[in-house]
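Protein chains in written order, with the working numbering: chain A, -13 to 98; chain B, 8 to 120.
Heads up, the beta-carbon is just placed ideally off N, CA and C, and yes, glycines get one too.
All values reported here derive from a predicted model rather than from experimental measurement.
Data first, discussion second: the structure below is written as structure tokens.
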Amino acid sequence: GAVVSQHPSRVICKSGTSVKIECRSLDFQATTMFWYRQFPKQSLMLMATSNEGSKATYEQGVEKDKFLINHASLTLSTLTVTSAHPEDSSFYICSAMRAEAFFGQGTRLTVV
Amino acid sequence: GENVEQHPSTLSVQEGDSAVIKCTYSDSASNYFPWYKQELGKGPQLIIDIRSNVGEKKDQRIAVTLNKTAKHFSLHITETQPEDSAVYFCAASLMDSNYQLIWGAGTKLIIKP
């Protein structure tokens, strides 16, 4: 099946710094990718829809200036958590569509 | 908009028995219903899906049934094994250019040896 690679799998950063998470579709082109956030023991919460060559569409309540999304090519979308705070600590997951949704491995972000 | 409810939140079954997880959806326009398995610390993995033009689909020990009239769909796992222990999520989507998935809350499946 199709493969979506997400990197890094784990990251620890200090409060106030920025962290970039990459999501790559390895064997197909994805015009649309999705970014999710997942808290422990909860379902996936859609943060934004990333569209290649255009601005991302953010869900209500998600700060677009804090969670910067760039989809510069058909195989790469990035999520940058800017000025991270401890409450941003979470599991972030990306997905790309090709007939079905393929998910990355997730990124565990811990802000200390 | 679409809303998906999933039950139960936790399910514990004896190894070898069957497990059934149920979901209901609200938007009759939804036409794609996938099920995902998520192991701890990993991203969700598609295990089976069904489109609205069929009522049942089976893949070895896993099956999904869809009742469009009642707007509910179920995941059936037979002959459960310890490696089936995970969190399972259902989702619903309208397969247009957006493909946005609306997720259920998840079911933690525990297989007792």
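Looking at the DSSP output, D56 (chain B) bridges to B:P41. Three or more beta-carbon pairs separated by less than 8 Å are not found between the region 31 to 47 of chain A and the region 26 to 46 of chain B, which leaves the two stretches without contact. Where Q13 (chain B) is concerned, the enclosing beta strand (DSSP E) starts and stops at 11 to 14.
Ranked by Cα distance from T18 (chain A), the options A:T68, A:T64, A:S69 are led by A:T64.
One alpha carbon belongs to Y106 (chain B), the other to Q21 (chain B), and they sit about 36 Å apart. Boundaries of the beta strand (DSSP E) around D66 (chain B): 63 to 66. Contact annotation: A82 (chain A) and V5 (chain A) have beta-carbon atoms that are not nearer than 7 Å. Neighbours of R94 (chain A) in chain B, taken as residues at a C-beta separation under 8 Å, are given in chain order as G48. For L12 (chain A), no Cβ of chain B is located within less than 7 Å of the residue's own Cβ.
Y22 (chain A) has A:L32, A:I79 as its beta-bridge partners, per DSSP. For chain A, the residues of the region 47 to 75 of chain B that bring a beta carbon within less than 9 Å of one of its beta carbons are G48, K49, G50, P51, Q52, L53, D56, in chain order. Just so you know, the alpha carbons of V(-3) (chain A) and S75 (chain A) end up roughly 10 Å apart.
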